[in-house]
Structures are given as C-alpha cells and as structure tokens.
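Chemist: I'd like to ask some things about the structure below.
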Amino acid sequence: MYAALWVKSNFSFLEGASHPDELVEAAQTLGLAALAITDRDGVYGTVRAHMAAKERGLKVLFGAQVTIKPEPDHAPCEVVVLAQNRRGYGALCQLLSRGRQRCRKGHSEVTLSEVGEHSADVIVLCLSAPPIAELIKYSRHNVYALVTRHLRAEERPNEMLLRDAAEKYAVPLVAGAEILYHTQARRPLHDIQTCIRHGVTIHNAGERIRANAEHYLKTPHAMAQLFQDAPRWLERTLEVAERCTFTLSELRYRYPLEALPDGTLQEGRPEARLRVLTMGGAQERYGAVVPARAVAQIDKELALISELDYGGYFLTMWEIVQFCRRENILCQGRGSAANSVVCFCLGITAIDPVHMDLLFERFLSRERAEPPDIDLDIEHNRREEVIQWVYQRYGRRHAAMVANVIRYRARSAVREVGKALGLPLTALDRLAKVLSHHAHEDLDDAALAAAGFDPASPVHQHLASLTREIVDFPRHLSIHPGGFLLGHEPVDTLVPIEPASMADRTVIQWDKQDIEDLGLFKVDLLGLGALTQVHGCLDLIAKHEGRALTLATVPQEDPATYAMVTRGDTVGLFQIESRAQMAMLPRLRPKTFYDLVVQVAIVRPGPIQGDMVHPYLRNRHSGVPPTYPHPSFETVLKKTFGVPIFQEQVMKLAMLAADYTPGEADQLRRDMAAWRSAGRIERHRERLITRMVSHGVPEEFAVRIFEQIRGFGEYGFPESHAASFALIAYVTAWLKCHYPAAFTCALLNAQPMGFYSPATIVEDAKRHAIAMLPIDVSRSAWDCTLERVGKAWGVRMGLRYVQGMGSIEQARFRHAPAPYASMEDFVRRTRLAKKHTLALAEAGAFDSLGLSRREALWAVHGLHLCRQDTLPLMPRQPKPDAQPHFAPLAAGEAVLWDFRQSAHSTRGHPMTSLRPALQRQRIPDAWNLNQQKSGRKSAYVGIVICRQQPQTASGVTFFTLEDETGLVNLVVWRQVFERYAIIAKTAVLLGVEGTIQSEDGVVHLVARRLFAPETMVAPAGVSARDFR
Amino acid sequence: MEDTRLACLDTPALPLQLLLRRRPDWRHEPVVVVQDDKPTAVILWANKIAQKSAIRPGMRFAEARTLATSLRADVVEAAEIAQGVDALYRVLLRFTPYVEPDEARPGLFWLDPRGLMQLYPNLQAWSAAAHAAVRAEGFACALVIGFNRFFMVAQARTRLGVLVLDTPSQEAARAADVPLAQLDWSPTLLHALSTLGVRHVSAFLSLPGGDIRQRLGAEAEVLHRLGHAKGWVPLRPRFDVAPLRQAMQLEPPAIDHDQLLFAIKSLLHPLLDSLRTRCEALTRLQIHFDLDHAPSRCEELLPASPTLDARLLLELVRLRLASAALPAPVEQIALSCVSQRVTLAQLALLEHQNKPRRDPIAAAQAIARLRAAFGDTAVTRARLCAGHLPEARFLWEPARELSAPVAMTAASPDMPLMRQVLPRPRPLSTRDKDLLQVMAGPFRVSGAWWARQVERDYYFGHNSRAGHDEIAWIYYDRPRRRWFLHGIVD
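Protein sequences appear in the order of chains D and F.
My numbering puts the first residue of the first sequence at 1, with every later residue one more than the last.
My numbering puts the first residue of the second sequence at 1029, with every later residue one more than the last.
Laid out in structure tokens, this is it:
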C-alpha cells in the first residue's frame, strides 16, 4: 500500500495525459491508499478529481507542483506542495497566485523563501537537494525529500545528492514517481503533447520527450519492488497522506458583506437590509399599496433566502444594478432570476413574476443544493466599465473572473496531433474540414479516406487513435464571458488568481462547472448589443424629439407596434428578427406582450422537435377551448392553449402527471441542460411516460412531451427568460414603429451585434422611406447621426463605416473637425494614413469639396506626402493642364464602390443597375415575387444576405435574398443544395428557379435550380452571411 | 538597317506547371500552389479546374478548401523554380546563345534571335521551332518577337502561341488594348489604376509621367518609362562558364607512380594558371584515369582550404597515388576541378601565406593528407545529438579541422560513465550473459512507437572470466527477447 504523491493530470496543460477522474479510478482499482493531484503551478484539475473521488470513496490530497525561481548561479528547480488542512490550502493558493501574477500568462515562479513563508500548514516534497537547506529554516517537520525512480540511469546522481542532503539536514525520505498518465498506453499521447508544447515534430523531439513509459500509476507491488531497498520510504507516503486531511468539501464560502449607506460594512446577516430594500422596491413597482399576492410571495422568497443564507448574493446584484443606474448604463436580469419577485423589486429584473404567475422554484428551491443563478445583461459597449467597477468595489483579491477551459475538439486535435506527427499541414486541413466541429467519433477510416489519407498507413492510424484520445483534453485557459467569483474572504484563499490575457482582468483557475460543483456563487455580467441600441435610440429621441423615455416608460401594448410585428417587419428587432421568426410572426399574429413571450420561445428546437408549434397555432386561432390530455393540465397549459411551450410547464407536468417532487422536477431541468452528457435525459423517459399513462394521459401526448424535453436539451427557453427577452423585443419594436429614423441610427451605431449586415439595415430603412444620407467628411460625425431632411429626420452615415477606420482615426477626426477648406487642408489637418484617405475618396466622402471620386483619388495620391507639412497653405491654384481626365463612374459603379469601402450604399441598391436586364428576362423583383400565388413557377435573382442550415431542418438550407424592393425567403432542399453546392456556398448574387409556396401571408420560393446570373457582375464588397 | 528585334518567351504560372509535372496524377484535380505548407497559406496560382470552383490566387487555402473538397496543394520551393528556369534555359540555348532569364519574373525569357537564325528561313520559323521545343518539354508558353520589352510582355501575357511583330507602331497599337489586369503587376498598383478608371495599356501610358512616382510609386514609374522607351534595351544574356579541364595521353600507358605524378604536375600548372586568371582558387581536384583494358577511375582530393599551391596539391596527389592501387596502366589522365571565386587580396594571401610552425592550418593540412591517403571518411569525430537511445546520442561526422578539446574539470556526480560503444550491438548468447555478474540496472529506454517499437533494459555487468576484468554495458531487448553487448566501461 502506498500513496502517489506527485501526480499531474491533463490540467497540467499539454503535460499530463490523463483526465483527473481517470487517475482517481485507476488509483482506486490499483488499491492505492491515496492520490495527490499536483498539477503544474495550479489547482485546475482538483475539482474534477474531488468530485470523482467523492463518488468512488478515494482519498485525494490537494496540492501543486510549484516552479521555483532560479537563484543566481542555481539551476531552476521545482517542489511539490501538498495542503495539510484548510489553512494550508489557502496558503498554497496564495503562493500560486503570487507566482502567476509576476509572470506572463501560462507561467509562474515563486522564490524558495516564499514557499517557506507559506509552509506552516503544508507538506513540501523536495525533488532535488538544493531547496532543502532553505526550506527547513521555516517548517522543518513539513519538509520531505521525494526520491523518484523511473528506471533512468540519469536519475541516480540526483538520488545520491538527495539522500546525502536528507541525511545532513535530518529530513525524512519518501518514495514516489512523477505520474503523468494512469496507464502506459497513454505514453504516445504524452509524447505528442510534449511535441505540441515545444512546437516540434515527434521525429526531432529528441530528449524533450521522456526516455521511457515509467510515468504511470503502478501497483503497490510494483512500487514495493522498485523500492525494495528502502521500504520505509514507501511506508512514509502513507504518513504524508495521513497528515493531509484537507478536502475541497471544507471550502466554506461567504458572500462579501455589503456597505451600509454610511459606508461602513454591515455586520451580521444581511436579511434585514434585503427586506428593507425589497419592500422599498415593491412600493416603487406596485405603488404605495403592494398587492397581497406580491407581499405573500415576497415574504415566502425572503424567508427562503434567509434560510439558505443567500441574502448577500442578492445585495451584491442590487449593488451592481445601482451602479449601472448611477452611471446611466442599461442593464436587465435574464434567465430564471425573472421568476423572483425579490429580483423584480430590487430592480434586477423587469418582469413581474406575480403578475405572470412564474414558478419561483425554477429559480430557488430548498431541495436544490445549489445557489441561485442571476445573469445580468449590460449594454455591450459599457460592460467593461461594470467589470472594472466590480474589481474596484470588492478589490482584486476578493473578485476575479471565472475561467473557461478551452478543450480540444476534433478539428483542433487533428491539426495539432498531425503536425506533431510531421504530416503536411495542408493535408491535415483537408482532414479537419471533413470532420464536424464537435464530434470525434467520426474520425474513422472513411473520414481518413475521404481526405485522401491511407487508413492502412501506420502514421495515419496513429493520427486517428491519438486524435480520438486527445479530444476533450484541456488545451489552455480562457476567460468566461462575464462570470465573477466574489468572496468575503480573499478569493485567492479558495483558488489561485492569475492575470488574464485581456488587460486589467484577473481570472481564477476554475471554470463554471467547477464553481457549480462546489456550490459557489458566481455573478454573470453579460454584454447585450440590444441594450446599447435601445439606450442610443432613447438618447436620440430625447435630443431630437424632446421626449424622455426609459425602458419602463415605453408605452405598453401598442396596437400599431403589434401590427408591424405581425407583418414580419422585424429587421433589427431583438430576438424576433431571424428569418424563422419572421416566417412565424404572420402565423402567430401577436397582439399582447404574452404573445411575444410565446413567440420568442416557440421558434426553438424544443417546441419544434416536440411537434408543439402547429398544435399551438391551431388551438390559438381556432377559437375553440383546447381539450387537455388530463384535466389537471388545464392550470399549467391554459396560458399556451393546451400546448407546453416553456421549461416550467414541462416541470409542472412532470410534477402533476408523473409524481415528480419539485426537487426531482428541477433535476429533470438540469438533466435537460446537461444534454452533452449522453444518457442523463434518457433515464427520465420510462418514468415520465409510464406514470403519465397510468394517470390517464394518452401515450402519444406523453411521448411528445418527452421529445420536447429532449429538444429543450438542445435549446429551450424558460418562461421567465423568454419574458425578459420579449420585453426588450417589444421595446425595440415600439421604437422602430414610432421613431424609425432614430431606431435605424441607433441600430447602426450599435453594430456589430445583430443578425443583419449594415447594408440590409440601410436597405430596410430606405424601404421605410427614411432618408439615408451618404458619408461625407464635411457633414458626417464618427457615429451615424440624425439630420433634418425636409420635415422628417434622415440618417447621416458615420465615418466609422469607412473600411479600416478605428479608434486612432476617430481620435484624428476629433482633433481636426470639419469644415475643411480643401482636400489639402483635410490631408494636412487630419494626418490620416494614405489608405484611409483613399478609402474616404473611394466612398465618395469628398463630394462636398467639389471633387469627383476619381479626382479625389488622384489628388490623394499626389498629396499624401504633404500630410506632415505644417507650413500655411498656398492660395488654391487652378488645376494644371497636366491634370488627366478621368472617366466618370459607370451606372451602378458608385454603388459598388460604396459597398467596397463601407459595406453599404445609401445611393442605391446593387440590384438596381441589373433590373432592366432582369426585366427583359421577365425575372420579378422581391415585391412582385411575394405577391405571386402559391404553386406558381418563378425565377428570381437577388443578393444573398443570409444562409442558414438549422439542425432541426433535416438538411434544408434557408437563404434570405434581397433586392431593392425587399427580401425573398428561399428554401433549398438537400439534393438541390448538393447539386449546386459551389454556387450555393459561394454566390453573392444568386439566381433561382423554383416554386412559390405561400401560407398565412408567408411566401417562400422553393428552389429547383440555382444558377450564377451571367452578364451580371456580382457586387464587390457585398458579402453574404455564412452558415449559422 | 540591322534588325534589333528581341524575342520574349513566357511560360505562364511556371510554379503551377512545375507542380503538375511533379504530380501528374493531379492533372484532373483542382490544384493550387500555396505560399507555405499551412492552412492559412495564401494561394499563389490555381489551375483551371480549381478556378472553376471559384478558387482564385490571393485566397487562403482554408477558404478555398470549402469550395473544392478535393483541392490539392503544395509549395513550390525557390530551388525547384530555379531548376525549372534552368531547364528552360537549356532548351532555349538550342536556338540562340543569347538567353536572358528575367530575374524578377521566373518563367519569362528574353532571347536574341540573331544567334542561330541562319539555320531557319525566317523569324517566324525560328519562333515556331523555339516555341515547339519548349512545348515538347511539357511547358505551355507564348513567344513574341518585337521591339519594346514592355509591349512584348503585354502581348505575351494575353496569348499562348507565337506572334511576330514587324514594326514598332504595329507593336504599340496591338499592345494598347491589353487589359492591365492580365499583366502581373503588383495588386496595389493594379488596384490604384483600376480605381482611376485606367484599365488598358494605352490609358496607363497616357497618364502624365512627371509625378507618377509620387502618386503611384516606383513600380508605376519604371513601367511608364519602359512603355515610353524609344531606344533598344540591350540583352544581358547568361553564359555558363566552361569547366576547366586539362588532359594528356600517355603513350605507352604508364602505371609507375613517379611517371604519373610528373604527368599530373605538367597538367596541374596550366590548370592553376587558368584559375588564377579567373580570380578563383581550387577547392576540389578531380583526377580521371582512363585505364588500359579496365574501367576508368576518378580520384577526388580536397585540400584543407581553397588553394593555388601546386606543391601542396602534388603532395596530396602523391599520397593518393600511393594508396590508390590502380589495377591497370593509365592511357589518359585528365584533371578537372571545382573552384570558388576569391578576391585579389585573398588570392595574394593564398599565394604568400606566412605559415607559422604550429598552427591550426597545418593541422587541417595534416588531416587533408590523411584523407588523401586513406579516403574521405578516414578522419571522423563524434557530434553529440539529443536522443534517448545510445546510438542516437551521437553521430560520426568527417572532420575537416581540429578543435581544441575542453579539459574536464573535477569529477561531478552528473558525469556519466565513460564507455566504449560498439559500432553495432553484439548479440550475447545465454552462456555469455550468464558469465556476467549484474552490478546495476535495469535502466529502461523505450519509445519510437511511431516507427519501430524499441524497449531495452540496460545493465552494467562485471565480466570476471579469465583474461577479462571489465565492466560490460549490456541490454535486454524486450521485443526481440535477446541480450546484446553495447559497450565496455572505460
């Protein structure tokens, strides 16, 4: 019996070749007393190991292999540090944080004295002799000399020195090995990882790879054989294991105490303050008299929050929201937090769960041993302000962002493994493209052969097997989009903090899953472009129309807004602008806010796979009360005409008809969310269907419910989440309906964010009779602005839309604003790089200076050398005789130039110049095509603005084509797509022959043939959106 | 009046043509030449099949791969292009001794047709013959005869075949309508001209030339000047330098070393004189012996450094003759050499070296003598390599000079045991192995799983048989289940 004290998992990135759970499983199978997880300079893999060990009942020691900063004239060395207790674990985390913070990303170094200072509650295993003398000055009894044997002649001298030093300083010796994989079969993978780490091929790796495969977990017998000359050293591993009693279960987490209004920290429990704030918020939300139902719900929630000691978490979220309000940053809670009336009263969410009868247990329940999850959406261009405020408010040691572990996927695996095997990179790229993004099962002989590889070749077999092995291995650490870990105690006593690649950000060594597994709280601060857009639009309305509006004061239930939405006129609207949503809107015909909530949720894989869409539409428009599969379902399904649409409804059905407890129903929800873990959802199938049938529910309905649950696993909305999104969707719709110019302007200024390109937004605005004004150096600001055109507002495109312009150019325009006396004046004052001035000239931005585009280009070519001149300008000279005469731009050419330099054109649509030729061929425009009757054969030519291949569409590809009169929905079946694959994938200007399909005012053209229109030039600069 | 016309031969997309010659099995596939062997590499040339899939030069390989799943790609290295140019050059030498490969545009050649014109009835026939010869080598090409290089390239880039232009005005007129997009000018210049609406040769040449450099850059200025050039731009043909060779018949055939040495001496002096006039020094001397009723033989001698010293070379010749053991009398001796260019100052140094009594040069010369006497691999030294297998940890390489050994300091624990390694591990019989008393081990070395699995357990064993008192370095080869002796500890 022994304990393995120096074990590195694959969270020692590109070094360890086994998952933590594989190591734990192997250790238990081999009968080891304990296993230490000691990843290089980190505790990245500890939570996985802890969870696996908890399941298997194995003792795990927690530690790390710590890199020591080399002293002058000393070789670099390393020690293994194991936490004895909670204090020791905290000290280890702080030590690692210190090492990480002084080094570039991916590296860490601490000094021996720092190790010594943190060694009171840890065990330090010295791998070489030099550190011993220094370390025993601090905690003599915690220092051991670790003798490792891997059957290498070269390690004997080190062992001799280590033994001498141990004898000299009276330090006990302990036996071990450097474990890098749980089984010898992983040795090739370890070699390949080493090659990847060093950027070499296996053929020239030399001594970078290990000399043999002796770095696996050995049986106690094998270890006894290896150390038969020193059995005491092996026994001493058990002594070390006994001294290390710490487990991650001991981590107790306290949320930071909140500051009282006088600035002091609140002592004791924060419930009292939470109640005061909640009740105050309730009066703001409901008026002076808070409805009894709301009060009852508030009491119920506060009681549970107090019981579970979650008060601090809510106060923190409230604080962040207050900061956003103070700084005029739009924010709104999303997700299940909208089920909580406390969140509503605190201003975290905008949905009244009492009014909407939302399920609080979806957010928080006693049976669920996990903290609530509040996601806060923040204007995307101001999110960093909030993040930096959180750092400042709680301190760098008390706040850090959650990590995101980047793992190998099939494509990245095949590329890196193949490169390490010395295969040609272009051939590997071909193989990578054959593979899907995520799956790795398909790297089989067929895939190899399809990419031109010989499946019988040994090197290609190595490629396949090693790729399969490395898939899902951690590759490196990234940063979570917005997850924060906050703590009353310094976070660096829970987990090491290290600098992120992004400036001014720090990140912990655990990811979201680790945080959830340990039951820790996190705060999610997510960026949302739609909020930036709404904020910009409200500001424009206030400035130009004098009407001050907020998210809360936008008029509700506006019929004109719903009428517009019902037409599918939703380009630029949050969540309901996709082609599928546009197609659904005329069929669903929303008339109330709740209809929008349903609309947001229904075009999702869950309801689609559960075949719930058509029954919902049928029941909704039939006017006949729905019949319920079971009488008890009425309360649950009444709102959605007898058809389950939301996650909460599925949970309630499980409770009503399949006798699930609230906790079990919540487990069902979590199993839905864990769709990548195959089999978790399947275990509910038998139970759900059998029990529903036994309660009198028709089997067909029960099966559909289960299929929908499966679909939710792919992507499904809880009602509260849909409601939060529907609220923003409604606001954007109202703004578009009543202030279309301001809406377009704000939407363009918030790009990139949405579904459509700026060109499509501009074309949509033109179709709504908004005057779109071109970029002009004399009139344009950096952002798009509103400009009076007659009595209405037009939109002047901003300089930001010229290709290649960035923050440097923005600053130059700020320092040299219009007006400009001449081109020379412009060049000298702005000092823009030649390429930027050329781009402006090509985009026609010098029209107001009296120069055609080509004249402006010629002038820029001649003037760029004088941009650094500071002497005063000479009076304007007449054009010299040598001035060449340039041909004016041909019809349509100006539009193409606009597209090339600004990806849009306010002067016209690229299709306009092609229209006469198309009319001669009797090819209709979009408007005319959309008027045609169902079943009619028609041809069409338009610009591809979107291609989509939804997973739920059985290989059908949906295109959206555009011309100067509108959009056309194109459906391309798999066979047609494959037959015309090159055109289908690449054409910007696409010709189609097909059949009209019209239903409920939604028109599709079903393609029979695709063609590249001849004699017509595809507009340069017009780009199609790729597959989504 | 003398005909000053030149010929321009253009092999379009030469690297792509070379790639398809190297990989004929790709002729019916979409093929591209890429800048580097990586997915993000830029495509430099694409064949017609690839272009049908909308693949264009300038695209990234990864992007192109989405358009043609069977896309083949490879890099064509500069050396391969140079070889291709060289091959074409040799073909063209059959038609004129005056061939100028265009250094900036590989695949483009300038020829003076007057050289061997007398063999053909007229220029058209000469052109057709030259064109056909290049085609016969498997290269697609165009050949244009004209007056102005600028116009000739413009013509050649728009066709495959032969064009003979009779007057400068005819040439200019035909070139005027050539689209600039078909010329391999830099994309930056072509874009700048395109935005100005300048799309044809005539429009480009009509631009004012005064400040064209300032507006459009140096490339535009050069092209503009070439287009307006009235005079004849002389050809700068490449000439291959004939190798130096000296030969002598021996009558009657001789085998006596002194006789042969004197014969070689009489050839060596004129050879060295020729080198001296070329400002070159000898780096290799090759002696070709035509033997009487025996296969001819060639001996090569490498002096320690480039030299023009006849005495030194004759000494090396003498040593080589002593060991060469010619099987038959020599009928003819021929000397040839490989040389390198040296400056006059270097030449002076080579001829008047102030040789110290003990210096590295003398040592190198001694090694040269050993090589001369016993062959080029007679003097070798070990170079350490990174590897785990003992035989992969060093490499024997020929030694050209001596380097001073670094003295070992005090023995340290890191210092490995000194071992005499056998050239090849010697199998041990079980009996031999049993005579060894194992002192230390096993030390395991395994790996090379990607080629041939190696797994050895090394031991040190004491050989106490009568007459032996040594420590043997042995291993057990696990896959082969056999014992081997790999060395002896010093």
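Every residue gets a Cβ at the ideal spot worked out from N, C-alpha and C, and that includes glycine.
Near L358/D, which residues of its chain fall below 8 Å by C-beta distance, leaving aside the five closest residues on each side in sequence?
Modeler: To locate residue 358/D, count along the first sequence from 1; it is residue 358. Result list for L358/D: A338, N339, I351, E648, E719, S720, A723, in chain order.
Chemist: Please report the distance separating the alpha-carbon of H476/D from that of R197/D.
Modeler: Position 476 of the first sequence, counted from the first residue, corresponds to residue 476/D. Position 197 of the first sequence, counted from the first residue, corresponds to residue 197/D. Those two C-alpha atoms are separated by around 11 Å.
Chemist: Comparing C-alpha positions only, which one of D659/D, S97/D, A560/D sits nearest to H736/D?
Modeler: As a working note, residue 736/D is residue 736 in the first sequence. First, the residue type needs correcting, since residue 736/D is Lys and not His in the sequence shown. Comparing Cα positions, the closest option is A560/D.
Chemist: Tell me whether R1454/F is buried or exposed, calling it buried when 16 or more other Cβ atoms sit within 10 Å of its Cβ.
Modeler: Taking the first residue of the second sequence as position 1, residue 1454/F is located at position 426. Burial call: exposed.
Chemist: Report yes or no: is there a C-beta of chain D within less than 9 Å of the C-beta of V1473/F?
Modeler: The sequence position of residue 1473/F within the second sequence is 445, counting from 1. It does: the Cβ of V1473/F has a partner Cβ on chain D nearer than 9 Å.
Chemist: With C-beta atoms as the reference, is A1168/F less than 9 Å away from P1040/F?
Modeler: What you label residue 1168/F is simply residue 140 of the second sequence in a count that begins at 1. What you label residue 1040/F is simply residue 12 of the second sequence in a count that begins at 1. Yes. Within cutoff.
Chemist: Grab me the residues of V495/D's own chain with a C-beta within less than 7 Å of its C-beta, minus the 5 sequence neighbours each way, in chain order.
Modeler: As a working note, residue 495/D is residue 495 in the first sequence. V43, C93, I508, Q509, W510.
Chemist: Kindly give me the distance between the Cβ atoms of N1491/F and L1450/F, rounded to whole angstroms, as I take these residues to be in contact under 8 Å.
Modeler: For the purposes of this step, residue 1491/F is identified with residue 463 of the second sequence, where counting begins at 1. For the purposes of this step, residue 1450/F is identified with residue 422 of the second sequence, where counting begins at 1. No, N1491/F and L1450/F are not in contact; Cβ-Cβ is about 14 Å, not under 8 Å.
Chemist: Spell out the partners DSSP gives T785/D in its beta bridges.
Modeler: Locating residue 785/D in the first sequence gives position 785, counting from the first residue. In DSSP, T785/D forms a bridge with R796/D.
Chemist: Given that R1093/F touches chain D, what residues does it touch there, using C-beta distances under 7 Å?
Modeler: As a first step, residue 1093/F must be located in the second sequence, where it is residue number 65. Residues of chain D passing the Cβ test: D429, R430, K433.
Chemist: Taking Cβ-Cβ distances shorter than 9 Å, what residues in chain F pair up with F886/D?
Modeler: On the first sequence, position 886 is the one that residue 886/D refers to. Residues of chain F passing the Cβ test: L1224, G1225, V1226.
Chemist: Extract the residue ranges of the alpha helix (DSSP H) inside the stretch 1416 to 1485 of chain F, only unbroken runs of 4 or more that lie entirely within it.
Modeler: For the stretch 1416 to 1485 of chain F, whole alpha helix (DSSP H) runs of length 4 or above, ordered along the chain, are 1458 to 1462.
Chemist: List the DSSP bridge partners of D524/D.
Modeler: Numbered from its first residue, the first sequence carries residue 524/D at position 524. Answer is D375/D, G483/D, bridged to D524/D.
Chemist: With respect to the alpha helix (DSSP H) encompassing F899/D, which residues constitute its N-terminal and C-terminal limits?
Modeler: The residue you call residue 899/D lines up with position 899 of the first sequence. Looking at the DSSP string, the run of the alpha helix (DSSP H) that includes F899/D is 893 to 902.
Chemist: Considering Cα atoms alone, identify which of L1034/F, P1067/F, N1075/F, E1057/F is closest to P1043/F.
Modeler: In the second sequence, counting from the first residue as 1, residue 1043/F sits at position 15. If we check each option's Cα against that of P1043/F, N1075/F comes out closest.
Chemist: With a cut-off of 8 Å on the beta carbons, I'd call I709/D and G572/D a contact; round off their distance for me.
Modeler: Along the first sequence, one-based indexing puts residue 709/D at 709. Along the first sequence, one-based indexing puts residue 572/D at 572. About 33 Å separates the two Cβ atoms, so there is no contact after all.
Chemist: Secondary structure at R1510/F, three-state DSSP: helix, strand or coil?
Modeler: One-based indexing of the second sequence puts residue 1510/F at position 482. In this structure, R1510/F counts as strand in the three-state DSSP scheme.
Chemist: I'd like the list of long-range same chain contacts for A294/D, defined as Cβ closer than 7 Å, with 5 residues on each side in sequence excluded.
Modeler: Counting from 1 along the first sequence, the entry for residue 294/D is found at position 294. Closer than 7 Å at Cβ, skipping near neighbours: A282, Y286, V341, V354.
Chemist: Name the two residues that bound the continuous alpha helix (DSSP H) containing M582/D.
Modeler: Along the first sequence, one-based indexing puts residue 582/D at 582. Residues 579 to 588.
Chemist: Given that a residue counts as buried once 16 or more other Cβ atoms are within 10 Å of its Cβ, and exposed if not, what is F646/D?
Modeler: In the first sequence, the residue the question calls residue 646/D occupies position 646. Classification of F646/D: buried, given that the 10 Å Cβ count is 16 or more.
Chemist: What does a CB cutoff of less than 6 Å around L1251/F pick up in its chain, not counting 5 residues either side in sequence?
Modeler: Here residue 1251/F refers to the residue found at position 223 when the second sequence is read from its first residue. The answer is none, since no qualifying residue turns up.
Chemist: Could you name the residues of chain F that T219/D contacts, counting a contact when the two beta carbons are closer than 7 Å?
Modeler: Taking the first residue of the first sequence as position 1, residue 219/D is located at position 219. Residues of chain F passing the Cβ test: none, with the nearest at roughly 17 Å.
Chemist: What is the rounded straight-line gap between the Cα of L435/D and the Cα of I945/D?
Modeler: The residue labelled residue 435/D in the question sits at position 435 within the first sequence. The residue labelled residue 945/D in the question sits at position 945 within the first sequence. Taking the straight line joining both Cα atoms gives about 27 Å.
Chemist: Excluding the 5 residues preceding and the 5 following L14/D in the sequence, name in chain order all residues of the same chain whose CB lies nearer than 6 Å to its CB.
Modeler: Working through the first sequence from its first residue, we reach residue 14/D at position 14. Closer than 6 Å at the Cβ level, and outside the excluded window around L14/D, lie Q193, I196, R197.
Chemist: To which residues of the same chain is D1205/F closer than 8 Å at the C-beta, ignoring the five residues directly before and after it?
Modeler: Sequence index remark: in the second sequence, residue 1205/F carries index 177 (1-based). So the qualifying residues of the chain are H1228, V1229, S1230.
Chemist: Can you tell me which of the three DSSP states T960/D falls into?
Modeler: Working through the first sequence from its first residue, we reach residue 960/D at position 960. In the structure shown, T960/D sits in a strand (DSSP, three-state: E or B).
Chemist: Is any beta-carbon of chain D found at less than 9 Å from that of P1507/F?
Modeler: Position 479 of the second sequence, counted from the first residue, corresponds to residue 1507/F. It does not; no Cβ of chain D falls within 9 Å.
Chemist: Of all the CB atoms in chain F, is at least one closer than 9 Å to the CB of H861/D?
Modeler: On the first sequence, position 861 is the one that residue 861/D refers to. It does: the Cβ of H861/D has a partner Cβ on chain F nearer than 9 Å.
Chemist: Would you report the Cα separation of K1461/F and Y1504/F, rounded to the nearest angstrom?
Modeler: Start at 1 with the first residue of the second sequence, and residue 1461/F comes out as number 433. Start at 1 with the first residue of the second sequence, and residue 1504/F comes out as number 476. Cα-Cα distance, rounded: 10 Å.
Chemist: With DSSP as the reference, label P474/D as helix, strand or coil.
Modeler: Your numbering for residue 474/D matches position 474 in the first sequence. DSSP places P474/D in strand when its eight states are reduced to three.
Chemist: Flag this pair as touching only if the stretch 148 to 159 of chain D and the stretch 1469 to 1487 of chain F have three or more C-beta atom pairs under 8 Å; answer yes or no.
Modeler: The answer is yes - the stretch 1469 to 1487 of chain F touches the stretch 148 to 159 of chain D, with three or more Cβ pairs under 8 Å.
Chemist: Please compile the residues from chain F whose C-beta is within a distance smaller than 7 Å of the C-beta of P424/D.
Modeler: Along the first sequence, read from residue 1 onward, the residue named residue 424/D stands at position 424. Ordered by position in chain F, the residues that pass the 7 Å Cβ test against P424/D are D1065.
Chemist: Report the rounded CA-to-CA distance for R1202/F versus A1107/F, giving the unit in angstroms.
Modeler: The residue you call residue 1202/F lines up with position 174 of the second sequence. The residue you call residue 1107/F lines up with position 79 of the second sequence. The alpha-carbon atoms of R1202/F and A1107/F are separated by roughly 36 Å.
Chemist: Spatial neighbours of A1427/F within its chain, please: CB distance less than 7 Å, with the 5 preceding and 5 following residues excluded, ordered by chain position.
Modeler: Taking the second sequence and counting its residues from 1, the one referred to as residue 1427/F is at position 399. These residues qualify, in order along the chain: I1395, V1407, T1408, R1409.
Chemist: Beta strand (DSSP E) containing W1154/F: first to last residue?
Modeler: What you label residue 1154/F is simply residue 126 of the second sequence in a count that begins at 1. Premise fails: W1154/F lies in the alpha helix (DSSP H), 1151 to 1164, not in any beta strand (DSSP E).
Chemist: Using 9 Å as the limit for Cβ to Cβ distance, is W1424/F near chain D?
Modeler: Stepping through the second sequence from its first residue, residue 1424/F is reached at position 396. So, not an interface residue.
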